[in-house]
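Our numbering puts the first residue of the sequence shown at 1, with every later residue one more than the last. Just so you know, even glycine gets a beta-carbon here, dropped at the ideal spot from N, CA and C. This report concerns only the one structure given below.
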Amino acid sequence: MDEKDRLGTKLRDKEKAEEDRYFAQRDKELLEKMKQQQASDQEAALQQQALMRCPKCGTQLNTVVHNEVTVEECPSCQGMWLDRGELETLAQRENEGWLGRFVRRGVLRQS
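Written as structure tokens, this is what we have:
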């Protein structure tokens, strides 16, 4: 009878160890998933905070129309920020000026 109890105890210990290992692995996976979600949430929050902010000083940008082109302007440092389409629109108007040459050179390099 003693031998049977000893083997039964070993079997229960082995089952307990396997169960502990399973739950430890599951907890590890859940923690990793939570860390990834938290990092993703933090990245989204940072992007939201940076949206429409001046890259130079961090002030909220104002949308302004100059010569029928919409640009973002910083009221603090007076920087102007253009999207690619806005820059190309201005360059088309000034075909032989420095701005037109600059944009054409950049477009030719990217193509």
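Taking a C-beta distance under 8 Å as the contact criterion, L90 and V69 qualify as a contact pair.
Under the three-state reduction of DSSP output, Q60 falls in the strand class. W81 sits away from L51, with the two beta carbons spaced by 8 Å or more. Bridge partners of R53 according to DSSP: Q60. One Cα belongs to K33, the other to H66, and the distance between them is close to 47 Å.
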